[in-house]
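Student: Before we start, here is the structure in question, set down as structure tokens.
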Amino acid sequence: MPTSVLTPVEYIGRWSINSVRSLGKAGYLTTGALRALRNVEIWGPRLVSQMVSVGVASVPIALFIAVFTGIVLALQASYTLTGAVPMYLVGAMVGKSMILELGPVLTGLALAGRVGASTAAEVGTMRVTEQIDALETLAYDPLAYLVVPRVLAGVFMFPVVIVLASAIGILTGWSASLTLLDMSSAEFVRGLRLFFQPWDVGFAVIKSLSFGLIVTSVGSFYGFHAKGGAGGVGVATTRAVVVSSMLILVLDAFWAVVLL
Amino acid sequence: MSIVLRDVYRAFGTNQVLRGLDLEVQDGETLSVIGFSGAGKSVVLKHMVGLIRPDSGDVVVDGKNVNELDVEELNALRRDVGYVFQFAALFDSMSIAENVAMGLRRVPGTYEEEIVSRVRECLALVELEGIEDQYPSELSGGMVKRAGLARAIATRPKYLLYDEPTTGLDPVTVTVIDRLIVRMKEELGVTGIVVTHDIESAYRISDRIAMLHDGRIRICGTVDEIRGSDDPLLRSFLEGRPELAKRAS
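See the structure below:
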């Protein structure tokens, strides 16, 4: 048998060792980033530009997704409910689905692609071109300079973008109900208000915070440990998007179990 | 002794790069470290500024053991050590002026006017006046290297570490960089450690030359001593004759 072909036992062994090693690196990065929080003079001036990059620049893609999701939700709710229950429940379905699930998760996944990829690519490029080493030689803590402002921007801005996207999704669902479903505004709003609870927004914000934390942390982690030139940056970027997308879905289930 | 590496061992996975390396650099001298590709020259340089920690052994810079410094002490030491990276490692999202100013912004009590004037002064020293607002991608290879040098000297360091400062440059630009390295020593009085493959350049800029091989310093001496050495491995390197290296090993 060729030596390059790993036996299943070897494969599992290597996978286990690599997993433990990655966990160790993640723990090291996390504690380092927490310690770096005290270096406000390094990350403070970079926070606003990162908030713009992570949040404001993500608004167009988030709204694009929300507009179509709102329309489709209204149409599918109508298709499902017609003849079975009162049509005003379309408003309830659009509102609940957008706030609790589709707004946070779809926007979170889109931002995992946009923000996670750009974070991993930027930090990874800096790693393989020795710019991170250069930061250290210039007496900057690279975690304070690169990771902390990105993660804080994610934590602050993901909820803003997601709440905005959810609101736009509801508005377009409302518009679609009026124009395509022959519903009245009063009917839609009645359904929307019937099942609305303020806690729903709190639930969405908590989910969004955790998504922002995960997407920016995972992107930073893979970027920070990128190696091997352009190919390495590509691998880091792909892994960042895949892993943060998976973790968003895991967190989505986790918060549903814990908070609902 | 301004920089001392004592019995330094460092491995990367199963690759044992440094095997009990001893090296001493005197105050005010320029020492070139030469050696075959993959010998670990850049690794030696990175130990001197704490970018890489040894598995064992001591790295003493300016009387301070780098391994024993906490973050604040290491940052203070790094203000005294300028590092010129092989590909300059300029921050590509910043202008040249912002790049050069980066180190100055970490020096407590430095005002913006001082930073602006010091940036101009450093760029003038490396003959790059008027490019403050340009970005690294807009510069030639030689200009990028000089901008990297300007950034390294901005905090008026006592030590300058050069990682392959002339690799990939045309002969004229190599001479320009060599003259700058000599000027840094003569005008600013810095102690320089230069990692290079370029033996002609090493002859021009060095007070002493050390050859790194097999994780240790194989030979170290003045330029004349190195020129006159009959060590077969050194001769193989100097003359580009692989058969001598085979005989030596």
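Here the protein sequences come in this chain order: W and B.
Going by this note's numbering, the first sequence wraps up at 263, each residue one higher than the last.
Going by this note's numbering, the second sequence wraps up at 953, each residue one higher than the last.
C-beta: ideal position from N, C-alpha, C; glycine also.
Since the model is a prediction, treat every value here as computed from it, not as a measurement.
Output needed for A854 of chain B: all residues of its chain with C-beta closer than 6 Å, excluding positions within five of it in sequence on either side, in chain order.
Tutor: The residues are V804, C826, L827 and V830.
Student: On the DSSP bridge list, what partners appear for Y225 of chain W?
Tutor: DSSP lists no partner for Y225 of chain W.
Student: Out of W:R24, W:T33, W:W18 and W:T72, point me to the one whose CA is closest to G176 of chain W's CA.
Tutor: Considering only alpha carbons, the answer is W:T72.
Student: Determine, using beta-carbon pairs with one atom in the segment 137 to 157 of chain W and one in the segment 249 to 259 of chain W, whether at least three such pairs fall under 8 Å.
Tutor: Because the criterion of three Cβ pairs below 8 Å is not met, the segment 137 to 157 of chain W and the segment 249 to 259 of chain W do not touch.
Student: Going by beta carbon distance, what residues of the same chain come within less than 8 Å of D185 of chain W, once the five residues before and after it are set aside?
Tutor: Nothing meets the Cβ criterion.
Student: Does DSSP put H901 of chain B in a helix, in a strand, or in coil?
Tutor: It is coil, neither helix nor strand.
Student: Keeping to the same chain, check which residues put their C-beta closer than 8 Å to that of M4 of chain W; ignore five residues upstream and five downstream.
Tutor: Its pLDDT being 49, under 50, M4 of chain W is placed unreliably by the model, and the measurement read from it follows with that caveat. Within the same chain, M4 of chain W has no close Cβ partners at all.
Student: May I ask you to list, following chain order, the residues of the segment 721 to 754 of chain B that have a beta carbon less than 9 Å from some beta carbon of chain W?
Tutor: Here the close residues are K750, V753 and G754.
Student: Is R850 of chain B close to chain W, meaning its C-beta is less than 8 Å from at least one C-beta of that chain?
Tutor: No, R850 of chain B lies away from the interface with chain W (no Cβ there is under 8 Å from its Cβ).
Student: If you reduce the DSSP assignment to three classes, tell me which class G786 of chain B lands in.
Tutor: Strand, per DSSP.
Student: Which stretch, first to last residue, makes up the beta strand (DSSP E) that contains D711 of chain B?
Tutor: D711 of chain B -> beta strand (DSSP E) spans I707 to F716.
Student: May I ask you to report which of helix, strand or coil DSSP gives T33 of chain W?
Tutor: DSSP places T33 of chain W in helix when its eight states are reduced to three.
Student: When the cut-off is 8 Å and only beta carbons count, does M806 of chain B lie next to chain W?
Tutor: Answer yes: the Cβ-Cβ gap between M806 of chain B and chain W drops below 8 Å somewhere.
Student: Can you tell me which residues form a DSSP beta bridge with H917 of chain B?
Tutor: Beta-bridge pairing links H917 of chain B to B:R920.
Student: Taking T122 of chain W as the query, report the chain B residues whose CB atoms sit under 7 Å from its CB, ordered along the chain.
Tutor: Here the premise fails: no neighbours, minimum Cβ distance about 14 Å.
Student: Against chain B, with Cβ distances strictly below 8 Å, would Y1 of chain W count as a contact?
Tutor: A query on residue 1 of chain W cannot be resolved here, the shown segment of chain W reaching from 4 to 263 and no further.
Student: I need the straight-line Cα distance from F227 of chain W to Y143 of chain W, nearest angstrom please.
Tutor: Whole-angstrom Cα-Cα distance: 15 Å.
Student: Specify the secondary structure class of I738 of chain B as computed by DSSP and reduced to three states.
Tutor: DSSP places I738 of chain B in strand when its eight states are reduced to three.
Student: Taking three-plus beta-carbon pairs below 8 Å as touching, is the segment 713 to 722 of chain B in contact with the segment 842 to 854 of chain B?
Tutor: Flag = no, the segment 713 to 722 of chain B and the segment 842 to 854 of chain B do not touch.
Student: With a threshold of 8 Å, are at least 3 pairs of Cβ atoms found where one atom belongs to the segment 164 to 182 of chain W and the other to the segment 115 to 126 of chain W?
Tutor: As far as the Cβ criterion goes, the segment 164 to 182 of chain W does not touch the segment 115 to 126 of chain W, which means the pair count is below three.
Student: Is the shortest distance between the beta-carbon of R810 of chain B and the beta-carbons of chain W less than 8 Å?
Tutor: It does; some Cβ of chain W falls within 8 Å.
Student: With burial defined as no fewer than 16 other Cβ atoms inside 10 Å of the residue's Cβ, what is the status of A189 of chain W: buried or exposed?
Tutor: By the 10 Å Cβ count, A189 of chain W comes out exposed.
Student: Of all the CB atoms in chain B, is at least one closer than 8 Å to the CB of M4 of chain W?
Tutor: Here M4 of chain W scores only 49 on pLDDT, less than 50, and its place in the model is too uncertain to base an answer on.
Student: Nearest to A39 of chain W by alpha carbon, out of W:G86, W:Y31 and W:L146?
Tutor: With distances taken between Cα atoms, A39 of chain W lies closest to W:L146.
Student: Using a C-beta to C-beta distance shorter than 9 Å, which residues of chain W count as neighbours of F941 of chain B?
Tutor: Under the 9 Å cutoff, chain W gives no residues; its nearest Cβ is about 25 Å from F941 of chain B.
Student: Is the Cβ of L40 of chain W closer than 8 Å to any Cβ of chain B?
Tutor: No, no contact with chain B.
Student: If distances are taken between C-alpha atoms only, which option among W:K230, W:G234, W:V93 and W:Y225 comes closest to T33 of chain W?
Tutor: When only C-alpha atoms are compared, the closest one is W:Y225.
Student: Q134 of chain W touches chain B at which residues, Cβ-Cβ below 7 Å?
Tutor: Near Q134 of chain W (Cβ distances below 7 Å), the residues of chain B are A793 and F795.
Student: Is E947 of chain B a contact residue of the ligand FAD, with contact defined as CB to any heavy atom under 7 Å?
Tutor: By its list of ligands, the structure shown contains no ligand whatsoever, and the ligand FAD lies outside what it can speak to.
Student: Does T219 of chain W come within less than 8 Å of chain B when only Cβ atoms are used?
Tutor: It does not: the Cβ of T219 of chain W has no partner Cβ on chain B nearer than 8 Å.
Student: Is the beta carbon of G157 of chain W closer than 8 Å to that of G215 of chain W?
Tutor: Yes; because the gap between Cβ atoms is below 8 Å, this pair is in contact.
Student: Leaving out five residues before and five after D711 of chain B in sequence, what residues of the same chain have Cβ atoms less than 6 Å from its Cβ?
Tutor: Only G724 and G761 meet the Cβ criterion.
Student: Taking C-beta pairs closer than 8 Å, name the residues in chain B that A36 of chain W reaches, listed in chain order.
Tutor: What A36 of chain W touches in chain B: nothing, since even the nearest Cβ is about 14 Å away.
Student: By the three-class DSSP mapping on this structure, what secondary structure does E728 of chain B have?
Tutor: Looking at E728 of chain B - three-state DSSP - the assignment turns out to be strand.
Student: Just to confirm the assignment, what range does the beta strand (DSSP E) spanning L155 of chain W have?
Tutor: Careful: L155 of chain W lies outside any beta strand (DSSP E), inside the alpha helix (DSSP H) at V151 to L183.
Student: Just curious, the alpha helix (DSSP H) that V763 of chain B is in, first and last residue?
Tutor: First-last for V763 of chain B: S760 to V765, but that is the beta strand (DSSP E), not the alpha helix (DSSP H).
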